[in-house]
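*Asks:* Top line first, the protein sequences correspond to chains A and B.
Start counting the first sequence at 3; every next residue gets the next number (my numbering).
Start counting the second sequence at 3; every next residue gets the next number (my numbering).
Encoded as structure tokens, here's the structure I'll be asking about.
2 protein chains.
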Amino acid sequence: MSPAAAVPIADATHNVELLFGLFLIFAAAKLSAEIFERLKQPAVVGEILAGVLIGPHCLGWVTSTEASHLLSELGVVFLMFNVGLETKPAQILGVGSTATVVAVLGVVLPLAGGYALMRTPPFSSGVSNIEALFVGTAMVATSVGITARALASLGHLGSQSARIILGAAVIDDVLGLLVLAAVSSAAQGAVNVTELGLTALLSIAFIAFMALFAAPALTRAAPHAVRLRVGNAEFAVAVALCFGAAAAAVKIGVAAIIGAFLAGMALAEAAEKRHDLHAQVKGATELLVPFFLVNIGLQLDLSLFGDASTLWLSAALIAVAVVTKLVGCGIGALKLGRRAALQVGVGMIPRGEVGIVVAQIGLALGVIDSRLFGAVLIMACATTIIAPPLLRPLYGPSKALAE
Amino acid sequence: MSPAAAVPIADATHNVELLFGLFLIFAAAKLSAEIFERLKQPAVVGEILAGVLIGPHCLGWVTSTEASHLLSELGVVFLMFNVGLETKPAQILGVGSTATVVAVLGVVLPLAGGYALMRTPPFSSGVSNIEALFVGTAMVATSVGITARALASLGHLGSQSARIILGAAVIDDVLGLLVLAAVSSAAQGAVNVTELGLTALLSIAFIAFMALFAAPALTRAAPHAVRLRVGNAEFAVAVALCFGAAAAAVKIGVAAIIGAFLAGMALAEAAEKRHDLHAQVKGATELLVPFFLVNIGLQLDLSLFGDASTLWLSAALIAVAVVTKLVGCGIGALKLGRRAALQVGVGMIPRGEVGIVVAQIGLALGVIDSRLFGAVLIMACATTIIAPPLLRPLYGPSKALAE
């Protein structure tokens, strides 16, 4: 037995720092959200900027620790679970073909655009073919959490364009991870086609299982929940499903948030009109989401803006990232009218943590350097901050005053 | 800039293990709680035993990681915050003198009892004076989380004896930490009386501030909460207060859970009849508490029971721990009648994580050895598991069928 290793020693200094850090992150996020709401700006942006302000590159009050990272991950998992709970499978399946076109065009254009930019002078100097491919890959996957959060606080999560965005984000994530797997294996030698095919098949099977089998089974089982004796049984079952599906998604090779979203969607009908269950899930979500948003801000290094070449590269990447998603996804949704197409296009812009993760893998593989990494980081943060203020006028006045 | 260090690389294997571990802990806890409820046994014990079962010393499915430890700490913080929300300051102040007597007797007897046991043959062989004092100190502080959880699920959190237990636990914790500070500094050389006095003064000032100033101020401010624009503003304020008070408590030298309890108590009147706020806090609590309970079980090494001398020592420690709290706290509450005295005595038995923390500090200082550490660990877990089944018959049939 190694007792000292079993539990970290309760070190008072560590505990003060941990709890004070959590307090600072949470309070700064909510204070900033309140200020942004009063200025009629999106609270999401306020919470991200709170992270920039208190982060290591500005005031230096908090840094991204293992604790804030864990809570951030749980935050986006619960955020997407919550969004899933508001989304019935039939609503997504009903927009399935449009969502697929939106997703495919929204993958192809940013990948091609990012690659082309990095092969164009002056940006192409010293950039290899595989490096350009990696930058393109980092521009592929939409980070739907930010859009979902913004749409929820605008009271438009139930609109048709919101459903297309959610459906497209699920497909987009699967495609994005297949591209990442292909590019990563190309960077390390040869592409394993069998493995890629297997990941694709498993992803499709998982989505079909959750939407077509788990959802009706849970809806049938819901009336029997009263037989459970444990306190808050419905919430306990919901959380276990959320964790289980998130773990299964990562195991298959898809992002955890996709599993959480699918778990929420599978429960949407079963959970309908269960006010306490919704309030409890909302409590867990509202506790954790500020850590997700602040953590994005914590990663933005303002000193990167001091270097002119990084600045120009970032600006070019941001422009390509915005235009390719806007055009690609917008064209995919054009048959719904120009306004809806714009809503979908803008809603798919944020790359958030997905782009950062791809860039980190590139950095870890030694494929991209720290200057390119910095530029991708700025692109990911900027696209995240740009989208919510654009969504507000596109969706018109807020339907729900309180979220 | 060191981008790779800023955020841990999103390693798919790490993510699968993390999410699967969280799923296992949560699902095992809730499944076990359901089984225990059906067997008419306390769910709390079921969740702790689930931790023993899936832990490193039994099935080996999960170990105590930094992630489970963080969620465990947040779990007990929210548990006590939730309990505080159900407790108005006047209710605690009304039982203040009884609670003080209960706390003082409940500190003196276990300290003396534990010390005396370790100075009595055969247990005294090879045990120094300071080692005996440390074991006594590990027996001082009640871990009120377990009792609060059990009383809440029995629907008796509002009873007079429950209020005495909560009040006594707050005072007991302050006294326990003063004893720990004194014994720790004695082990390292000399006792700093000035520092001890300062900690005592700060603790009393903090408790008085929260009960006499913060509580009425928050009650007066509550009707103005509607002016806040941010979504779920009441919940955001409540969580910020909880984190802030927990951090302040640790900074002063008291346990984080005492700060969280006081924050909840300060909000109790302001939060009255705000159903959604209570449901949201309950959601956050129910998500995190299973990690606290399972984490206790994860730390219990069953192989310790293979060594006869450790086994006898543990048995003696458990007996002394149970009898000294039962008698000390029972006598303190005797004027309320024998049944209430027994309820208070039993409710104060659990040592839980507080005893473990003291033992760990002793181990880190090199004052106690791993055999004594193991015995204290068993004592802490056993007293935690013993209390809830004893509380149930003492409080009679459950008032609330669902918690």
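The beta carbon of each residue, even a glycine, is placed where N, CA and C say it ideally should be.
Alpha carbon to alpha carbon, how far is B/Arg222 from B/Ala29?
*Replies:* Those two C-alpha atoms are separated by around 41 Å.
*Asks:* Identify the contact partners of B/Glu68 in chain A, using a Cβ-Cβ distance below 9 Å as the criterion.
*Replies:* Result: Pro10, Glu68, Ala69 and Leu72.
*Asks:* Which class does A/Ile380 belong to by DSSP, given the choice of helix, strand or coil?
*Replies:* If DSSP states are grouped into helix, strand and coil, A/Ile380 belongs with the helices.
*Asks:* With 8 Å set as the bound, which would you pick, yes or no: does the beta-carbon of B/Gln282 sit closer than that to a beta-carbon of chain A?
*Replies:* Yes - at least one Cβ of chain A is within 8 Å of the one on B/Gln282.
*Asks:* With DSSP collapsed to three states, give me the class of A/Ala402.
*Replies:* Confidence at A/Ala402 is low in this model, with a pLDDT of 46, below 50, so its placement is unreliable and the value that follows should be read with caution. It is coil, neither helix nor strand.
*Asks:* Assess contact between the stretch 300 to 308 of chain A and the stretch 371 to 391 of chain A, defined as three or more Cβ pairs (one per stretch) separated by less than 8 Å. Is contact present?
*Replies:* As far as the Cβ criterion goes, the stretch 300 to 308 of chain A touches the stretch 371 to 391 of chain A, which means the pair count is three or higher.
*Asks:* Per the contact definition of three or more C-beta pairs closer than 8 Å, is the stretch 61 to 77 of chain A in contact with the stretch 66 to 86 of chain B?
*Replies:* Output reads yes: the stretch 61 to 77 of chain A touches the stretch 66 to 86 of chain B.
*Asks:* B/Ala249 touches chain A at which residues, Cβ-Cβ below 7 Å?
*Replies:* Correct list: Val18, Leu21, Phe22 and Phe25.
*Asks:* Taking one C-beta from the stretch 323 to 332 of chain B and one from the stretch 319 to 329 of chain A each time, how about it: are there three or more such pairs within less than 8 Å?
*Replies:* Touching, no.
*Asks:* Residues in its own chain within less than 7 Å of B/Arg260 by CB, not counting five upstream and five downstream?
*Replies:* In the sequence as displayed, the identity of residue 260 of chain B is Ile instead of Arg. Here the set comprises Val172, Asp175 and Ala251.
*Asks:* Quick check: the Cα distance between B/Val46 and B/Leu55, rounded to an integer number of angstroms?
*Replies:* Cα-Cα distance, rounded: 14 Å.
*Asks:* As a quick exercise: from A/Arg151, A/Glu197, A/Gly128 and A/Ala170, pick the residue whose alpha carbon is nearest that of A/Ala335.
*Replies:* Among A/Arg151, A/Glu197, A/Gly128 and A/Ala170, the Cα nearest to that of A/Ala335 is on A/Ala170.
*Asks:* Give me the residue from A/Leu374, A/His277 and A/Ala247 with the minimum Cα distance to B/Val18.
*Replies:* Of the candidates A/Leu374, A/His277 and A/Ala247, the one whose C-alpha sits nearest the C-alpha of B/Val18 is A/Ala247.
*Asks:* Strictly below 7 Å CB to CB, what residues from chain A border B/Leu230?
*Replies:* In chain order: Glu36.
*Asks:* How far does the alpha helix (DSSP H) with B/Thr100 in it reach, from first residue to last?
*Replies:* Here the alpha helix (DSSP H) through B/Thr100 covers Gly98 to Met120.
*Asks:* If you compare alpha carbons, which of A/Arg121, A/Val195 and A/Thr139 is closest to A/Gly364?
*Replies:* Nearest option by C-alpha distance: A/Thr139.
*Asks:* Count the other C-beta atoms from every protein chain shown that fall within 10 angstroms of the C-beta of A/Ile206, then say buried if there are 16 or more, exposed otherwise.
*Replies:* It is exposed - the Cβ of A/Ile206 has fewer than 16 other Cβ atoms within 10 Å.
*Asks:* What does B/Val241 reach in chain A if we use C-beta pairs closer than 7 Å?
*Replies:* Those are Phe28 and Leu289, listed as they occur along chain A.
*Asks:* How close, in whole Å, do the beta carbons of B/Gly285 and A/Val283 come, if the pair is a contact with beta carbons under 8 Å?
*Replies:* Going by Cβ atoms, the distance from B/Gly285 to A/Val283 rounds to 6 Å, so yes, they are a contact pair.
*Asks:* Given a threshold of 16 other Cβ atoms within 10 Å of its Cβ, counted over all protein chains shown, does B/Leu107 qualify as buried or as exposed?
*Replies:* With 16 or more other Cβ atoms within 10 Å, it is buried.
*Asks:* When you check each C-beta in the stretch 269 to 281 of chain B against every C-beta of chain A, which residues fall closer than 7 Å?
*Replies:* Those residues of the stretch 269 to 281 of chain B that come within reach of chain A (Cβ to Cβ, closer than 7 Å) are Asp278 and Ala281.
*Asks:* When you compare only the Cα positions, how much space is there between B/Glu343 and B/Ile167?
*Replies:* What sits at residue 343 of chain B in the sequence shown is Ala, not Glu. Taking the straight line from one Cα to the other gives about 10 Å.
*Asks:* Could you check what DSSP says for A/Asn131 in three-state terms: helix, strand or coil?
*Replies:* Residue state, collapsed to three classes: helix.
*Asks:* Between A/Val137 and chain B, is any beta-carbon pair separated by less than 8 Å?
*Replies:* No, its Cβ sits nowhere closer than 8 Å to a Cβ of chain B.
*Asks:* Classify B/Asn194 as buried or exposed, calling it buried when 16 or more other Cβ atoms lie within 10 Å of its own Cβ.
*Replies:* B/Asn194 comes out exposed.
*Asks:* Can you check which of these residues, B/Lys275, B/Leu179, B/Ser372 and B/Gly332, is closest to B/Val103 by C-alpha distance?
*Replies:* B/Val103 has its Cα closest to that of B/Gly332, out of B/Lys275, B/Leu179, B/Ser372 and B/Gly332.
*Asks:* Using 8 Å as the Cβ pair cut-off and three pairs as the minimum, do the stretch 352 to 362 of chain A and the stretch 145 to 152 of chain A touch?
*Replies:* At 8 Å Cβ cutoff, the stretches touch.
*Asks:* Within 8 Å of any Cβ in chain B, is that where the Cβ of A/Lys253 sits?
*Replies:* Chain B, which has a Cβ nearer than 8 Å to the Cβ of A/Lys253, makes this yes.
*Asks:* Just to make sure I have the definition right: I need the residues of chain A whose C-beta is within less than 7 Å of the C-beta of B/Ser155. Which are they?
*Replies:* By Cβ distance, chain A contributes Gly233.
*Asks:* Considering only their Cβ atoms, is the gap separating B/Ala188 from B/Gly255 smaller than 8 Å?
*Replies:* No, the Cβ-Cβ distance between B/Gly255 and B/Ala188 is not below 8 Å.
*Asks:* Secondary structure at B/Ser4, three-state DSSP: helix, strand or coil?
*Replies:* Reliability of the predicted coordinates at B/Ser4 is poor, the pLDDT of 33 falling under 50, and no value is obtained from them.
*Asks:* For A/Arg222 and chain B, any beta-carbon pair shorter than 8 Å?
*Replies:* No, A/Arg222 lies away from the interface with chain B (no Cβ there is under 8 Å from its Cβ).
*Asks:* Cβ closer than 9 Å: which chain A residues qualify as neighbours of B/Glu39?
*Replies:* The answer, in chain order, is Leu230, Arg231, Val232 and Gly233.
*Asks:* Anything in chain B within Cβ reach of A/Phe215, meaning under 9 Å, just list it in chain order.
*Replies:* Ordered by position in chain B, no residue passes the 9 Å Cβ test against A/Phe215, which lies about 19 Å from the chain.
*Asks:* Is it buried or exposed for A/Asn84, if we count other Cβ within 10 angstroms and need 16 for buried?
*Replies:* Buried.
*Asks:* So what's B/Ala389 in DSSP terms, helix, strand or just coil?
*Replies:* Here B/Ala389 sits in helix by DSSP.
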